[in-house]
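Line by line, the protein sequences are chains H and E. Residue numbering for the first sequence is 1 to 288, as defined by the working numbering. Residue numbering for the second sequence is 1001 to 1435, as defined by the working numbering. Ideal Cβ positions, reconstructed from N, Cα and C, are used throughout, including at glycine.
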Amino acid sequence: MDTFWIILTGSLVATCGALVGCFLVLRKMAMVGDAISHAVLPGIVLAYLIAQTRDSLPMLIGAAIFGVLITILIETLHRQGKMQIDAAIGLSFTWLFALGVILISVYAGKVDLDQDCVLYGEIAYIPIDIWLWNGKNMGPQAVWQLGGLLVFTIILLTLGYKGLKITTFDEKFAASLGISTVFWHYALMSLVSFTTVLSFESVGAILVVAFLVGPASTAYLLTKRLSQMLFLSVLLGIMAAIGGYFLATSLNASIAGGMATVVGVEFVLALLWVSYKSKKIELSLMGE
Amino acid sequence: MQTLIDFFSFTDPNVRWVVLGIMAMCAGSALVGVFAFLRKKALVGDAVSHAILPGICLSFLVTESKATWALLPGAFLTGWFSLIAIDYLTQHTKLKSDSAIALVLSVFYGVGILLLTMIQNMELAQQSGLDKFLFGKAAAMVYEDVVVLIGLSLLIIVVIFSLYRPFRLMTFNPDYAQSLGYPIRLLEGLISGLTVLSVAIGVQAVGVVLMAALLITPAAAARYWTNRLSVMLILAAVFGSFSGLMGTFISYTYPRMPTGPWVVTVLSVIAILSVLLGRKKGVIAHQRKLYRNRRKMLEENLLKCLYHLGELDSDWQKKRTWTEITQKRLFTKRQFQSAWKTLHRKKLLIADREGLALTKEGEKVGRRVTKIHRLWELYLTKHLHLASDHVHEDAEAIEHIITPELEKELELQLGYPELDPHEELIPYENKDLKK
């Protein structure tokens, strides 16, 4: 049963990550996603210190605030401060992450978050933390939270599919249609923060990047249609979650690390397939 | 106070070496970072630092030792490999550079975590403490580690300064450098190698996640103070080593405080201050420049206005009242007040109860601005064939910018004309000189 819950949790993280990640990859904002996933750390710790619980609602709020805060910080450094964009990203997220680590060490006794959790999560402990409802065992809390996030993501994507699609591919055209690019920008950034926070316990703040960017990049290599890319990346993400679990248990190692490794393997295989196909096309063209 | 003295007197040999090691390492990575920053590859350093992790684990699996010298080869290898992977992905696939960096970063890191946790569960005698590489273990470094740290940092510093010229050319003008016969590919390889090396040694002190800051932040901060590469390198190194010093000091004073995050925090504060205060590109310097330009335009406009009023009755030293002036040109009360006060102080006009009058000096400035305005209008109609009612706005702006050299050139090009397109006299300072 534990195996089932762990794989289900991993698949939910992978699915949420892949759906959001496709838009990050297409908008050339993968590193902003990386930055947000680091920057939510102080938000999580502060929320924990203020609310004194491990409930996800205060953490979500804290993380969303810091997720939006870092995007504003990056924009301000870049626009007002005239800093080149890559340096602005690098400076902002390392600083916020450093503050988060400092907070954790200052309140080491009071915060029930350890540093390992930040770095690679504890997906193996997910099945222990169950949700009791009217005395009934409803399964792990994380599954419910991630399930909720997935429903929320799907609703947002279905309702805003057109807006997100147009603002992603042609910002000027979107503006001429009266679609707000700023709104969709911040909607997406908040979604990235939510995904990071809810994946935090299972895979940690850094490995979530593998789920955001990995399957989406692989799908991006394989297809040219957005709908196919979304579908494919979800499929690849779930496959990575399953494969990663068995890889990690056979090596007796971190399950989240194993899942990220399989994400990498999938990408390399896709890359080989794509270059093999383009070689074949090249050869057939030369033959004629 | 006592800890302050204890720390800065460096009597404790342990403290002395650790501090020196961290300062040298920070300076070295700041220097390397300047080149990464200028080549717009700042975030690649972040990927390299994450990619070090699997290398450290592999090295440990082979040597079963945690000493720096034992772990470095593996770290260097995977770090280098991640650079090649990023380059390949951005050049040969349709992936954009940001996705390539994020992908390589997270996958290498994931493999590293897989190996690390595998080692931890293997119950090898030496393994405990290997995870310190994630957040750095500045406080736990032993003498041998520090020696390696200082030695390699000095190597990086020496290489950068001895190859300063070729590196500079490669950064700013690779084509020109190639035509001069510099081996560009070799130099690029060398700078990549130095990046990987500095990350590999730096990771020990601040950990894989924060290492990127030691590369990017000092360079980003230094950029606000100078436009010269040599100054920028020195500044970045100073910022880096100062933060190293402060970070170790803080964690020495409060043992619960981690070194790496504090080094990064000090660095970030320096960077934010630089963004605000920087002499070359800083926000405040920029605002001041804008303000000064606006002031200059306002003052020149007032002098010009007084000059125009003088033209009516050929008396430039006559007192003009506020009503007269605002009928000629609209000034807000506040603008007007502050402008005449400054001009009065500069002795360009005389102000009293009856009104404002130009001094001889003020008349000169007013005449020059008027002349440039009218010459420019003529230039636009004559050479750009613009309609004469379309040229005023443009001349309003350019009259404050034209330098004396350009002014001379304009006069020569147009042949010292008498009238502008609106049939107004173009005033020259010395009427005889124009012949």
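6 Å Cβ shell around E/Trp-1080 - same chain, five flanking residues per side excluded: Val-1196
At least three beta-carbon pairs within less than 8 Å, the stretch 81-89 of chain H to the stretch 58-66 of chain H: Here the stretch 81-89 of chain H does not lie against the stretch 58-66 of chain H, with fewer than 3 beta-carbon pairs under 8 Å apart.
H/Trp-11 vs H/Ala-205 beta-carbon contact at 8 Å: The identity of residue 11 of chain H in the sequence shown is Ser, whereas the question assumes Trp. Contact flag unset, no.
Through-space distance from E/Ala-1024 to E/Leu-1149, alpha-carbon basis: 8 Å
Sequence-distant residues of its chain with Cβ nearer than 7 Å to H/Ala-270 (five each side left out): Thr-218, Leu-221, Leu-222
Contact under 8 Å by Cβ, H/Val-143 with H/Trp-5: Contact flag set, yes.
Cβ distance (whole Å) where E/Leu-1343 is taken to contact E/Leu-1302 below 8 Å: 7 Å
Chain H residues whose Cβ lies nearer than 8 Å to that of E/Ala-1212: Gly-90, Thr-94
Enclosing alpha helix (DSSP H) for E/Lys-1382 [first to last residue]: 1360-1383
Whole-Å CB distance - E/His-1050 paired with E/Val-1208, under 8 Å assumed: 5 Å
Beta-carbon neighbours of E/Ile-1156, restricted to chain H and to distances below 9 Å: Within 9 Å Cβ-Cβ: nothing; E/Ile-1156 doesn't reach chain H, min ~20 Å.
Short CB-CB distance (under 8 Å) between E/Asp-1087 and chain H: Output row for E/Asp-1087: interface = no.
Beta carbon proximity, H/Met-239 to chain E, threshold 8 Å: no
Exposure of E/Lys-1434, with buried meaning 16 or more beta-carbon neighbours within 10 Å: Low local confidence applies: a pLDDT of 49 at E/Lys-1434 is under 50, so the model's placement there is unreliable, with the coordinate-based value given in what follows. Exposed.
Rounded distance between the beta-carbons of E/Ala-1357 and E/Gln-1317, thought under 8 Å: 5 Å
For E/Ile-1156, the nearest candidate out of E/Tyr-1428, E/Pro-1054, E/Leu-1194, E/His-1092 (CA to CA): E/Leu-1194
Nearest-angstrom beta carbon gap, E/Thr-1321 and E/Gly-1355 [assumed within contact, 8 Å]: 4 Å
Residues near E/Thr-1171 in its chain [Cβ-Cβ closer than 8 Å; skip 5 each side]: Phe-1035, Leu-1038, Arg-1039, Leu-1229
CA nearest to the CA of E/Ser-1106, picked from E/Gly-1136, E/Val-1044, E/Val-1015: E/Val-1044
Burial state of H/Val-182 (16 or more Cβ within 10 Å): exposed
Test item: CB-CB of E/Ala-1075 and E/Ala-1200 under 8 Å: Less than 8 Å divides the Cβ of E/Ala-1075 from the Cβ of E/Ala-1200.
Bounding residues of the beta strand (DSSP E) (the contiguous stretch that carries H/Lys-136): 136-140
For H/Trp-131, the first and last residue of its enclosing beta strand (DSSP E): Going by DSSP, H/Trp-131 is part of the beta strand (DSSP E) stretching over 130-133.
Contact with chain H by E/Arg-1256, beta-carbon distance below 8 Å: yes
Cβ of E/Tyr-1252 within 8 Å of any chain H Cβ: Judged by the 8 Å Cβ criterion, E/Tyr-1252 is not in contact with chain H.
Nonlocal neighbours in the same chain, by C-beta distance under 6 Å from E/Ile-1398, ignoring five residues either side: Counting only Cβ-Cβ distances below 6 Å, and skipping sequence neighbours, we find Trp-1376.
Residues near E/Phe-1167 by beta carbon distance below 8 Å, same chain, minus five either side: Phe-1035, Ile-1160, Leu-1187, Ile-1191
Cβ pair E/Thr-1003, H/Ala-253 closer than 8 Å: no
Cβ pair count under 8 Å reaching 3, the stretch 146-153 of chain H against the stretch 166-177 of chain H: no
Span of the beta strand (DSSP E) around E/Ala-1351: Boundaries of the beta strand (DSSP E) harbouring E/Ala-1351: 1349-1352, taken from the DSSP string.
Alpha-carbon spacing of E/Thr-1253 relative to E/Pro-1261, whole angstroms: 15 Å
Beta carbon proximity, E/Met-1118 to chain H, threshold 8 Å: yes
Interface flag, E/Ile-1101 vs chain H, CB-CB below 8 Å: yes
Uninterrupted alpha helix (DSSP H) stretches inside the stretch 121-208 of chain H (no shorter than 4 residues): 141-169, 171-177
Proximity below 8 Å, CB of H/Phe-93 to CB of H/Ala-39: yes
Beta-carbon proximity of E/Ile-1119 to E/Phe-1060, cut-off 8 Å: yes
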